[in-house]
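Student: In the working numbering, the protein residues as written are 25 to 154.
For each residue, glycine too, the CB sits at the ideal point set by N, CA and C.
Note that the coordinates shown come from a computational prediction; the quantities given were computed from them, not determined experimentally.
Dropping a structure here in structure tokens format, bear with me for questions.
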């Protein structure tokens, strides 16, 4: 089944961003994700957690993205998705700061973490326009 991949994301606070990904199996072959549900969240990293401790129970920093609400399955048979961040998602967050993100997929009855890693938010240097 699909293989979890560590992907670090760097974004300026208050920016819009589209993150496109292709879900592949262990052999690198695109997975048919027709009928899949997905959830993507960004959480605060607790510096007291060791790397082996789960991040379950962490509070999401903004509303989770799901299929139809921030996640679009672009080509189901080729496993291609897009996660869209709106400027409002990050504008009120502390920056510069490192957070943690995770994308989870449920396909048939199998739950898989597809993508995870650092979500680094850097401070914007230009004030938003009118």
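1) Go to residue 114, then tell me how far its alpha helix (DSSP H) extends in each direction, as first and last residue.
2) What did DSSP end up calling residue 133 once you bin it into helix, strand or coil?
3) Nearest CA to the CA of residue 90: which residue from 66, 148, 147?
4) By DSSP, does residue 58 sit in helix, in strand, or in coil?
5) Are the Cβ atoms of residue 182 and residue 129 separated by less than 8 Å?
Tutor: This is what the structure gives:
1) Along the chain shown, one-based indexing puts residue 114 at 90. Boundaries of the alpha helix (DSSP H) harbouring residue 114: 111 to 114, taken from the DSSP string.
2) The residue you call residue 133 lines up with position 109 of the chain shown. Looking at residue 133 - three-state DSSP - the assignment turns out to be coil, as it is neither helix nor strand.
3) On the chain shown, residue 90 is found 66 positions in, with the first residue counted as 1. Of the listed residues, the one whose Cα sits closest to residue 90 is 66.
4) Translated into the one-based positions of the chain shown, residue 58 becomes position 34. Looking at residue 58 - three-state DSSP - the assignment turns out to be coil, as it is neither helix nor strand.
5) The structure shown does not extend to residue 182, since the chain is modelled only from 25 to 154, so the question has no answer here.
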